[in-house]
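Read the structure below first, then the notes.
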């Protein structure tokens, strides 16, 4: 698995142990779409060495949760998108903290939303799916950055409503502003999490796009790394 | 039952301590005071004997108060040394001939102070043995100094030592053994109660799981049989039913049963009912740890979203988000009949309900924020 971007369709490797899901995802991407499935297998080992822009990963392989393998996958800069029905906020937070670029919930995923997420991730742009929105909005860890009230509400409404348009109507702002709130929250969240190469790329793109300023990047430092007071 | 046993254990501890105080007080007043008064003439220095009695009373009182309060007395070592000084004072107050006589009350009595002083100390048995040995050693030294080592004196000495030590050490060790047994019984009762609670909750979870498995099996079995009998997967109706079955299976996989919560339980009942009506329900796992909610808050949180869910025509999405200070329940459904308020509705409980219609769907969201 590699990480360099190539011109043309975005390439995806799928790790999934259920054939019915593999077939479903393959049909979503189609023949001439913007996303191409280049390899798939039932385990991480079965696709090792295959270069792709994005690794689409089922979280439960043969009955085992593999949250703890995500860190090693992202360490080399591989963009990882998790595709799972385990949408509990704590699981989603663990996945994002390990360096995954996005989490797609199997419960409400559609072809359009899945492709959109993969394209955004491949371009290192902030991508926020509904389960991610809930996980970020409800994170009470004191080491997380303070989201603005509007950012937090936008995330929560995005998770609980039908569309970003309805979030905009409820907040009395334009849909573009809702997107900005959500994207900013995602970038802040990534900036304050454990460092991972995939997050660095996201932050660089966010700065280039003017979504945040370099001064707002406050990468998490382990308390153990603090110099002693004595 | 656990409460009763804990009460019995507490009573054992309390009444054995009271017993020690009563014995020490009765002995000190009944014997020590009596022989000091009646033998006043026989003392070499009766005033010293009287002072010794008062000092003994003072130390005994401090020890008794601490014992009944369930604590170690302050400066236990100093008080023990003062108690041993009482033995010395009474010996000095007596003439050498009365060393093992009736009026030499000190050395047989201070042992009870030792029992009270050391009652709550972790190494009480060893310390009490040392204290009683020191007390007996003082008497032995006095006998050595006065040369009272004849057979009769030694025999008297051994009788008093054996008698007082057996009583004092025996009472202390016996009471503590009793207390330890009572504590063991308490621990055992607690463990049994915990096992009972665990077994009952496991049974409840198991029963709930069987109920849900049965419901899912009915759906899956019927669908699979029809597919096996040649139902056309291309048929829109069959596909719709397959989707409904898949949604229910997904919920079965991700539903948590380990934390029974009144809000989630009530929501699930309505989810099940909607599914039985053929509504396609998506409900991501209800996340976070729900804070404890007052009944009226829970009712206000659920009322409007449940109305939206109950009236859903063909599909509904149910979400619950929670933080320690916030709970938000939302339903998005194709409910055409629900009356919606254009303005947020503020309930007396603090719950705020917001409605929105868009693209044939209604979004009902009730939010509670901790005050």
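Residue numbers (my numbering), protein chains in the order written: chain A, -14 to 215; chain B, 154 to 524.
Glycine is no exception: its CB is placed at the ideal position from the N, C-alpha and C atoms.
These figures come from a predicted structure and were not determined experimentally.
* To do: Return the CA-CA distance between residue 488(B) and residue 194(A), expressed in angstroms with no decimal places.
  => 41 Å
Chain-order list of residues whose beta-carbon lies under 8 Å from that of residue 229(B) (same chain, five-residue window excluded):
270, 271 and 274
Next item on the list: Check whether the Cβ atoms of residue 7(A) and residue 23(A) sit closer than 8 Å, and answer yes or no.
Entry: no
- Query: Is the stretch 150 to 167 of chain A touching the stretch 43 to 54 of chain A in the sense that three or more CB pairs, one from each, lie closer than 8 Å?
  - Reply: Three or more Cβ pairs closer than 8 Å define a contact, and the stretch 43 to 54 of chain A falls short of that threshold against the stretch 150 to 167 of chain A.
Nearest by alpha-carbon distance to residue 159(B): which of 297(B), 390(B), 344(B) and 417(B) is it? 344(B)
- prompt: If you drop the 5 nearest sequence neighbours on each side, which residues of the same chain put their C-beta closer than 6 Å to that of residue 379(B)?
  reply: Result list for residue 379(B): empty, nothing under 6 Å.
Inset, instruction - Pair every Cβ in the stretch 36 to 48 of chain A with every Cβ in the stretch 67 to 75 of chain A, then say whether three or more of these pairs are closer than 8 Å. - result: yes
Check: Closest Cβ-Cβ distance between residue 133(A) and chain B: below 8 Å?
Finding: no
- Of the residues that make up the stretch 126 to 154 of chain A, which ones have a beta carbon closer than 9 Å to any beta carbon in chain B? 141, 142, 144, 145, 146, 147, 148, 150, 151 and 154
Compare the C-beta of residue 434(B) with all C-beta atoms of chain A and state if any pair is closer than 8 Å. no
- prompt: Quick one: does residue 119(A) have its CB under 8 Å from some CB of chain B?
  reply: yes
**Prompt:** Three-state secondary structure (DSSP) at residue 253(B)?
**Reply:** DSSP, reduced to helix, strand and coil, places residue 253(B) outside both helices and strands of the structure shown, so it counts as coil.
task: Compute every distance between the C-beta of residue 420(B) and the non-hydrogen atoms of the ligand GTP, then say whether any falls below 7 Å.
output: This structure does not include the ligand GTP; it has no bound ligands of any sort.
- Measure from the C-beta of residue 48(A) to each C-beta in chain B and report whether the shortest distance is under 8 Å. Closer than 8 Å: no.
Q) Using a beta-carbon distance cut-off of less than 8 Å, what residues from the stretch 63 to 97 of chain A approach chain B? A) 70, 71, 72, 73, 74, 75, 90, 91, 92 and 93
Contained beta strand (DSSP E) runs [length at least 3] in the stretch 92 to 156 of chain A, N- to C-terminal order:
none
Exposure label - residue 363(B); buried when at least 16 CB within 10 Å: exposed
Practice item. Using the Cα positions of residue 294(B) and residue 162(B), report the straight-line distance between them to the nearest angstrom. Key: Answer to the nearest angstrom: the Cα atoms are 43 Å apart.
### Query
Any Cβ of chain A within less than 8 Å of the Cβ of residue 427(B)?
no
To the nearest angstrom, how far is it from the Cα of residue 37(A) to the Cα of residue -4(A)?
5 Å
**Report entry** Any C-beta of chain B under 8 Å from that of residue 162(A)
**Finding:** no
request  = Tell me, to the nearest whole angstrom, how far the beta carbon of residue 244(B) is from that of residue 232(B); I am working on the premise that it is less than 8 Å.
outcome  = Not confirmed; about 19 Å, so no contact.
- prompt: Which residue comes first and which comes last in the alpha helix (DSSP H) that contains residue 86(A)?
  reply: Where residue 86(A) is concerned, there is no enclosing alpha helix (DSSP H), given that its DSSP letter is neither H nor E.
- Ordered along the chain, which non-local residues of its own chain (more than five positions away) have a Cβ less than 7 Å from that of residue 216(B)? 226, 232, 266, 269 and 270
Beta carbon proximity, residue 177(A) to chain B, threshold 8 Å: no
(Q) Let me see if you follow: with CB-CB separation under 8 Å, is residue 122(A) close to chain B or not? (A) yes
Would you mind sorting residue 83(A) into buried or exposed? The rule is 16 or more other CB atoms within 10 Å of its CB. Result: buried.
Once you ignore the five residues that flank residue 78(A) on each side, which residues in its own chain have a CB closer than 7 Å to its CB?
120 and 124
Handout entry: Inter-residue Cα distance where the pair is residue 100(A) and residue 20(A)
Key = 7 Å
- request: Spell out the partners DSSP gives residue 521(B) in its beta bridges.
  value: 480(B)
Below 7 Å on C-beta distance, what does residue 116(A) contact in chain B? Result: 437.
Closest by CA to residue 115(A), which one among 17(A), 106(A), 141(A) and 184(A)? 141(A)
On the criterion of 16 or more Cβ atoms from any shown chain inside 10 Å, does residue 288(B) qualify as buried, or is it exposed?
buried
Open item on the list: Counting only beta-carbon separations shorter than 8 Å, does residue 477(B) have a partner in chain A?
Closed with: yes
Are the stretch 154 to 174 of chain A and the stretch 501 to 513 of chain B touching by the rule of at least three beta carbon pairs closer than 8 Å?
yes
Is residue 467(B) helix, strand or coil when you go by DSSP? coil
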